[in-house]
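2 protein chains.
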Amino acid sequence: MGDVDRIKNVANIIREDVEKGHQVAVVVSARSGVTNELIARATAINEQPDEREMDVLLAVGEQETIALTAMALHALGIEAISMTGAQAGIKTDPAHTRARIKSMNCEKIVTHLEKGSVVIVAGFQGVNDEGTTTTLGRGGSDLSAIALASGLNADLCQIYTDVDGVYTADPRIVPNASKIQEISYEEMLEMASLGTKVMQARSVEFANKYNVVFEVRSSFDTSIPGTIVKQEVSSMEDVVVRGVALDRNQAKIMVSNIPDKPGSAAQIFEALGSSNVVVDMIVQNIAEDGCTDFTFTVHRNDYATAYALLETVSKELGAKKVKGDDAIVKISLVGVGMRSHAGIANTMFDTLAKENINISMISTSEIKISVVVDEKYLELGVRSLHEAFGLDSDGHLKNL
Amino acid sequence: MGDVDRIKNVANIIREDVEKGHQVAVVVSARSGVTNELIARATAINEQPDEREMDVLLAVGEQETIALTAMALHALGIEAISMTGAQAGIKTDPAHTRARIKSMNCEKIVTHLEKGSVVIVAGFQGVNDEGTTTTLGRGGSDLSAIALASGLNADLCQIYTDVDGVYTADPRIVPNASKIQEISYEEMLEMASLGTKVMQARSVEFANKYNVVFEVRSSFDTSIPGTIVKQEVSSMEDVVVRGVALDRNQAKIMVSNIPDKPGSAAQIFEALGSSNVVVDMIVQNIAEDGCTDFTFTVHRNDYATAYALLETVSKELGAKKVKGDDAIVKISLVGVGMRSHAGIANTMFDTLAKENINISMISTSEIKISVVVDEKYLELGVRSLHEAFGLDSDGHLKNL
């Protein structure tokens, strides 16, 4: 859709809620592409733009949308007023380009809502104690919406996205994946950190902290309900596995035959940490000859850096060799039901074994199990697990 | 120049002043074309956009430029900080899209100037008592600059434009027009209202009221001095005529043979006023038969409206006919020297008569004389007057 049509579409969505008699506050983000255009212009002028000025610049995108959205509502005969983050009372810390929300003062918004006006708030932005504009970083508009819902004590917070909800698996890989009706914050967080990028983890964490129930739904088809994200309720444990998550951005590095002495691990992970390489899964094996092997995964973008670092470090440690593989994926099962159901790991390993999929790493937590497998088994692995745990839309439990 | 190059150019101009040891506060306007784009988007969404929201939208243009300009200065190693109108302390009345500046609180700017930082202020915008963004209307950025210079008690206020100063006549018509070194506020105001559109009259009025000396100069070639605009000093009267102004946007309407009774004039001008048609020059003749004729000029854009109105009104008044002519121009002489020099009008009329240019209307004030002539005499009229009053760059006084 064109820019103007998108804004008219947003106005129509709002109209439906207004006509139902609701008081409506809306958080909007920039027109698609605007933020990237602004960044391109900034870096053409200064390769390393000042973060304070970057925030002044980026806030422009949302400021444009609030005004246009208010105008679109007026055209439908609906009272509406726009507010910047500062006007909406979104106070943040001073950390430009990645500020954290410190407090919400919703008085002004409430005044206008009570007058019968729709309030349109610029997402992604706030203001620090000095009165300078700040931005909230990636996923900032979702965060603004959840903070606002919390501040207003709203009955419902709806997040309109380009997907119509959270699915039991990526529907592009598993065609009969089904939409999850309700998911707990904790599960949603795991899904996010495991590669299901519907929302940034920080927005979910914020909602969890302030107990804001929200719905992820489609901005294209407003007739279909989305996925409700909320506190865990006991009935959620009835479902053993909520979903199968997939992370395609992993790479694996193995350092083997390290003489087993204290501090080896520290030396490896300090080297990676000081180069800002984030390590995800870690496995250590003690071999019979008194040597040790470390295997760990990093983001694929960091693979080359990490590999080069490890070659240096391994020499210092007297390790025999460094091996790497960036053709791997991480497949995870997520579900609060795992807490009360035994045998999930077994079923998982059996299912993969039956398909001759070799597991090279395993990591578990209370509500998830992750395995690393060869990239070529990506689709087969996800589909077989999805079916085995009864997640297919026409599915029933097998193998349990 | 491209957008990015323009901003880099502005940064270079500022650098020159910083290197001279000056404290510099800069007012910038939107990138060229941005304001029109925003208006187009707004009217595509709502044919009559709300003025409050229009201000939120339009303020975006300058907010982008302040950030980019600060970044461009940083790239040159110069300390700089951006401020919106609100942050800069520009308080206005609540009249959206055409707000008037009520007060300036320059504390924040001064703090940063004293720290050695260049302060970049968004022009064209301010904030009302409710904390809502307002815009100042046409020429608003010049107004912001002059208000800021006043608030800061600046030594100098330079207005960078696409012309390099104020000329004795439009150089496209009079090739040997010369740049005016110094001009009084009053003369500048007359020039502006008579069609020389270097600056909006309101900015000059503001400068006059607060006695802000400013210079109109070129943003393309910063080596050449511009025109200084300031309070009248007695030496200014030595020059009889400061310049020849031309207004091409006039149209003339004559209502003749109106029975001469009280209230006729009121009826005519009330009809025009209620349709927002602004009348410029007015001439009334009482004919021998006890009837009266009115001739007046309006903006050419209003000609059709005014003509249609007058046809109706003239019937009500029992007038014989309405005639109109939109192929006319107004040529004016401006100069504070006219106060102390006699015979200017005579010289003007003689000069035009010698060229066989017929004058159809005349209007005078203390420091200007305007005549309406046929459009085809535009160039000849302006050039002959420019020469007659010794304004040619190699000129000397003739005919006096």
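Chains as they are written, first to last, in our numbering: chain B, 79 to 478; chain H, 79 to 478. Virtual Cβ for every residue (Gly too), placed ideally from N, Cα, C. The structure presented is a predicted model; accordingly, all values stated were derived computationally and were not measured.
Inset, instruction - Please report the Cβ distance between ILE123(H) and VAL82(B), rounded to the nearest whole angstrom; I am assuming they are in contact, meaning their Cβ atoms lie under 8 Å. - result: 6 Å
Inset, instruction - Give every residue of the same chain whose Cβ lies closer than 6 Å to the Cβ of PRO127(H), excluding the five residues on either side of it in the sequence, and list them in chain order. - result: ALA120
Legend entry - Strand pairing of TYR385(H), partner residues [DSSP]: Partner(s): none; TYR385(H) has no beta bridge.
Legend entry - Under 7 Å (Cβ pairs) to chain H, residues found in the segment 146 to 175 of chain B: LEU146, ALA148, MET149, ALA150, HIS152, ALA153, SER160 and GLN165
Inset, instruction - Could you tell me whether any Cβ in chain B is nearer than 8 Å to the Cβ of ILE360(H)? - result: no
Legend entry - Alpha-carbon spacing of ASP403(H) relative to VAL361(H), whole angstroms: 15 Å
Inset, instruction - Taking only the alpha-carbon atoms, compute the straight-line gap between ALA150(B) and SER256(B) and give it to the nearest angstrom. - result: 35 Å
Legend entry - Listed by chain order, chain B residues near ASP81(H) by CB distance under 8 Å: ARG119
Legend entry - Cβ contact check for the segment 366 to 378 of chain H and the segment 300 to 318 of chain H: 3 or more pairs under 8 Å: no
Inset, instruction - Under 8 Å between beta-carbons, which chain B residues line up against ALA122(H)? List them in chain order, please. - result: VAL82
Inset, instruction - State the start and end residues of the unbroken alpha helix (DSSP H) segment that holds GLY411(B). - result: Correcting the residue identity first, residue 411(B) is Leu in this sequence and not Gly. It is not in any alpha helix (DSSP H) - LEU411(B) instead sits in the beta strand (DSSP E) that spans 406 to 412.
Inset, instruction - Determine the burial state of ASP242(H): buried for a count of at least 16 other Cβ atoms within 10 Å of its Cβ, exposed for fewer. - result: buried
Legend entry - chain H contacts from the segment 134 to 146 of chain B (Cβ-Cβ distance under 9 Å): VAL134, LEU135, LEU136, ALA137, VAL138, GLY139, GLN141, GLU142, ILE144, ALA145 and LEU146
Legend entry - Per DSSP, cross-strand counterpart(s) of ILE224(H): BP columns for ILE224(H) are empty, so no partner.
Legend entry - Neighbourhood of VAL460(B) by C-beta distance below 8 Å, restricted to the same chain and skipping five residues each side: ALA247, ASP248, ILE251, VAL252, VAL322, LEU324 and ILE409
Inset, instruction - My understanding is that MET132(B) touches THR175(B), with C-beta atoms under 8 Å, so please give their C-beta distance in whole angstroms. - result: 6 Å
Legend entry - Sheet register partners of PHE292(B) (DSSP bridge): CYS235(B) and VAL307(B)
Legend entry - Nearest candidate by alpha-carbon position, reference ARG320(H), set LEU214(H), ARG130(H), ALA466(H) and THR211(H): ALA466(H)
Inset, instruction - Name the two residues that bound the continuous beta strand (DSSP E) containing MET439(H). - result: 437 to 443
Inset, instruction - Measuring only between beta-carbons, confirm whether PRO127(B) sits less than 8 Å from chain H. - result: yes
Inset, instruction - With DSSP as the reference, label MET79(H) as helix, strand or coil. - result: With a pLDDT of only 49 at MET79(H), under 50, the local geometry of the prediction cannot be trusted, and no value is derived from it.
Inset, instruction - Can you pull the chain H residues whose beta carbon is under 8 Å from the beta carbon of LYS86(B), in chain order? - result: ILE123
Inset, instruction - Return the CA-CA distance between SER392(H) and MET359(H), expressed in angstroms with no decimal places. - result: 19 Å
Legend entry - Minimum Cβ-Cβ distance from GLU131(B) to chain H less than 8 Å: yes
Legend entry - chain B contact for GLY209(H) (CB, 8 Å cutoff): yes
Inset, instruction - Could you pull out every residue in the same chain whose Cβ sits closer than 6 Å to the Cβ of ASN206(H), ignoring the five residues on either side in sequence? - result: THR170, PRO172 and THR212
Inset, instruction - Please classify ILE302(B): is it buried, with 16 or more other beta-carbons within 10 angstroms of its beta-carbon, or exposed? - result: exposed
Inset, instruction - Evaluate contact between the segment 344 to 354 of chain B and the segment 373 to 392 of chain B, counting only Cβ atoms and requiring at least three cross-stretch pairs below 8 Å. - result: yes
Inset, instruction - Look at the alpha carbon of ALA89(H) and the alpha carbon of SER110(H), and state the distance between them as a whole number of angstroms. - result: 17 Å
Legend entry - Where GLY218(B) falls: helix, strand or coil (DSSP): helix
Legend entry - Proximity winner among GLY209(B), ILE198(B) and TYR245(B), relative to LEU226(B) (alpha-carbon distances): ILE198(B)
Legend entry - Rounded separation between GLY273(B) and HIS377(B) - CA only: 11 Å
Inset, instruction - Taking all protein chains shown into account, decide if ALA365(H) is buried (16 or more other Cβ within 10 angstroms of its Cβ) or exposed. - result: exposed
Legend entry - Span of the alpha helix (DSSP H), counted from its first residue to its last, around ILE422(B): 422 to 432
Inset, instruction - Identify whether GLN101(H) lies in helix, strand or coil by the three-state DSSP scheme. - result: coil
Inset, instruction - Tell me ASN363(B)'s beta-bridge partners as DSSP assigns them. - result: ASP371(B)
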